[in-house]
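Down below is the structure, laid out as structure tokens.
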Amino acid sequence: MSAESFFELAERLCDGLAPGEVLFCSLAGEDSDFVRLNQGRIRQAGSVHRQSLDLSLISGHRQVSGGCDLAGDPGLDLALARDLISRLRERLAQVPEDPYLHFSATPWVSEHLAESRLPASADALGALVAAAEGLDLVGIWASGDLCHGLASSLGHRHWHAGASFNLDWSCYLSGDKAVKASYAGTHWDQTALAERMDEVRRALGVMARPAKAIPPGRYRAFLAPQAVRELTDLLGWGGFDLKSHRTQQTPLLRLVRGERALHPGVGLYEDNARGLAPRFTAEGFSTPARVDLVVAGAYRDCLADARSAKEYGAQVNAAGEAPESLAMEPGEIPRAEALGRLGEGLAIGNLWYCNWSDPNDCRITGMTRFATLWVEGGEPVAPVEVMRFDDSLFHVLGDRLEGLTRERELMLCADTYDGRSTASSLLPGVLVDGLELTL
Numbered sequence: 104m105s106a107e108s109f110f111e112l113a114e115r116l117c118d119g120l121a122p123g124e125v126l127f128c129s130l131a132g133e134d135s136d137f138v139r140l141n142q143g144r145i146r147q148a149g150s151v152h153r154q155s156l157d158l159s160l161i162s163g164h165r166q167v168s169g170g171c172d173l174a175g176d177p178g179l180d181l182a183l184a185r186d187l188i189s190r191l192r193e194r195l196a197q198v199p200e201d202p203y204l205h206f207s208a209t210p211w212v213s214e215h216l217a218e219s220r221l222p223a224s225a226d227a228l229g230a231l232v233a234a235a236e237g238l239d240l241v242g243i244w245a246s247g248d249l250c251h252g253l254a255s256s257l258g259h260r261h262w263h264a265g266a267s268f269n270l271d272w273s274c275y276l277s278g279d280k281a282v283k284a285s286y287a288g289t290h291w292d293q294t295a296l297a298e299r300m301d302e303v304r305r306a307l308g309v310m311a312r313p314a315k316a317i318p319p320g321r322y323r324a325f326l327a328p329q330a331v332r333e334l335t336d337l338l339g340w341g342g343f344d345l346k347s348h349r350t351q352q353t354p355l356l357r358l359v360r361g362e363r364a365l366h367p368g369v370g371l372y373e374d375n376a377r378g379l380a381p382r383f384t385a386e387g388f389s390t391p392a393r394v395d396l397v398v399a400g401a402y403r404d405c406l407a408d409a410r411s412a413k414e415y416g417a418q419v420n421a422a423g424e425a426p427e428s429l430a431m432e433p434g435e436i437p438r439a440e441a442l443g444r445l446g447e448g449l450a451i452g453n454l455w456y457c458n459w460s461d462p463n464d465c466r467i468t469g470m471t472r473f474a475t476l477w478v479e480g481g482e483p484v485a486p487v488e489v490m491r492f493d494d495s496l497f498h499v500l501g502d503r504l505e506g507l508t509r510e511r512e513l514m515l516c517a518d519t520y521d522g523r524s525t526a527s528s529l530l531p532g533v534l535v536d537g538l539e540l541t542l
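Under the numbering used here, the first residue of the sequence shown is numbered 104, with each subsequent residue one higher.
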């Protein structure tokens, strides 16, 4: 659906409102290719073309919401949406008043068409299959156009469109011995794919050697960006939202109180200017280009969605309570020199099954699993048996942090529960002088 078609649909829906009613219309659409691979060959391929419409009907201090999938036929879509409004109107009188109902009463207009350079899916998959010749590769490719629109009876008119690709794969040796990798973004570079596959082949060569068993204890470690993402994703559950801070349930409470600090080189921010996620909320508010969350190791600001902003008298700066476009400031370590700086210790490609073990101390537990290698003299020498870690981010990103890589990796969320996600992370690798392994 084009922006013009969506705005025309919204206009006709708004014309049918009763006096005093306010309507917000949100559109999410995608034209996506999905391809599954196994044993280095394409096993399943398909495309998804979908448009979903979410409506919020407001009268006074009451609000009801609902959604429907659109058929792509203007007449049928209008009938579907009008029927949905009729059912919402029946419910509206039955719901209680909402004390945290909050929407933008000031109409404004925006359009953002994000730049992208995507290959044909067949070309990208052909390059991957050729680069993985002889390997037991399993993975998934997702790519295509995404669009989001917002219109209201108050006059809001917003459109955001872009395209991205996400290639997520693992190469297996046997049992649980595998190397996981990904390549995602908005601008395709076949050289970058070849470089990542070369890294996978080198890691597989190390994984084929006899595994090294190490006892529980504290070890120097280099965490690749994908491992760092597991930590920051978990931190996003209550770490940055205004409500968790005001109710003192955030795992960063001791940081906020000044009892603990992160390393001065750690900076975390919501990078809305990156262009993957819409710059407007479903309630009609705009989001700033950047929200600084942690600056030079100290807490700076919270993410406030419409409801929390209403409850606590703050300004809206986010569509939800968790980061959608989290970024970490880069460091000064060239990625190629990271293992040399490590010297001896663990090179951790991924972390798995992460959860809070003690949120009051920002302590996380999880498993190392795939592609954790033992490093000696700056070179990987053996795979390490699966281990459990249990450590506080006040150490990992605080007093034991030695440095961050200069290069950062863009990683897109692979979720497709309600369509392809626009969430992403831009993160460096992390060199730590001590990660606690417990068993």
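Ideal Cβ placement from N, Cα and C applies to all residues, glycine included.
Taking C-beta atoms as the reference points, residue 423 and residue 408 count as a pair closer than 8 Å. The alpha-carbon separation between residue 420 and residue 109 amounts to approximately 25 Å. Put simply, of 362, 253, 287 and 142 the residue whose alpha carbon is nearest the alpha carbon of residue 262 is 253. For the stretch 444-522, there is no continuous alpha helix (DSSP H) assignment of 4+ residues that stays within its boundaries.
In terms of Cβ geometry, residue 457 and residue 495 do not form a close pair [threshold 8 Å].
By the neighbour-count criterion, in which a residue is buried when 16 or more other Cβ atoms sit within 10 angstroms of its Cβ, residue 293 is exposed.
Looking at the DSSP output, residue 372 sits in a beta bridge with 395 and 430. Under the 8 Å Cβ criterion, the stretch 479-498 does not count as touching the stretch 283-302, having fewer than three qualifying pairs. In the structure shown, residue 198 falls within a coil segment according to DSSP collapsed to helix, strand and coil. For the 8 Å CB-CB criterion, residue 124 and residue 181 do not form a contact.
Cβ neighbours of residue 266 within its own chain (closer than 6 Å, five residues either side excluded): 219, 221 and 248. Secondary structure at residue 188: helix, using DSSP grouped into helix, strand and coil. In the structure shown, residue 205 adopts coil according to DSSP, grouped into three states. Within the same chain, Cβ atoms closer than 8 Å to the Cβ of residue 169 are found at 157, 158, 187, 190 and 191, the five residues on either side in sequence being excluded. A Cβ-Cβ separation of about 5 Å places residue 493 in contact with residue 541 under the 8 Å criterion. Per the DSSP secondary-structure output, residue 148 pairs in a beta bridge with 138.
Excluding its 5 nearest sequence neighbours in each direction, residue 417 has C-beta neighbours in its own chain below 8 Å: 345, 405, 407 and 411, listed in chain order.
Here residue 258 has 210 as same chain residues with Cβ atoms under 7 Å from its own Cβ, once five neighbours each way along the sequence are excluded. The DSSP-derived three-state label of residue 298 is helix. Around the beta-carbon of residue 374, 16 or more other beta-carbon atoms lie within 10 Å, marking it buried. Judged by DSSP in its simplified three-state form, residue 105 adopts coil rather than helix or strand. For residue 240, the uninterrupted beta strand (DSSP E) run begins and ends at 239-255, by DSSP. Bridge partners of residue 153 according to DSSP: 133. When only Cα atoms are considered, residue 264 and residue 379 end up about 9 Å apart. Look at the beta carbons and you see the stretch 522-541 touching the stretch 309-321: at least three pairs across the two are nearer than 8 Å. Residue 229 sits in a helix when the DSSP states are folded into three classes.
Excluding residues up to 5 positions away in sequence, 447 lie with their Cβ nearer than 6 Å to the Cβ of residue 479 in the same chain. For residue 437, there is no enclosing beta strand (DSSP E), as DSSP marks it with neither H nor E.
In summary, residue 286 is buried, with 16 or more beta-carbon neighbours lying within 10 Å of its beta-carbon over all protein chains present. Around the beta carbon of residue 205, 16 or more other beta carbons sit within 10 angstroms, so the residue counts as buried. Scanning its chain for C-beta atoms nearer than 7 Å, with the 5 sequence neighbours on each side dropped, one finds around residue 327 the residues 451, 452 and 532, in chain order. DSSP places residue 309 in the helix class (H, G or I) of the three-state scheme. For residue 242, the closest C-alpha among the options 274, 443 and 225 is that of 274. Annotation: the continuous beta strand (DSSP E) that includes residue 166 extends over 165-172.
At a Cβ-Cβ threshold of 8 Å, residue 179 and residue 155 do not count as neighbours. Excluding five sequence positions before and after residue 371, the CB atoms of its chain that fall closer than 7 Å to its own CB belong to 396, 397, 429 and 431, given in chain order.
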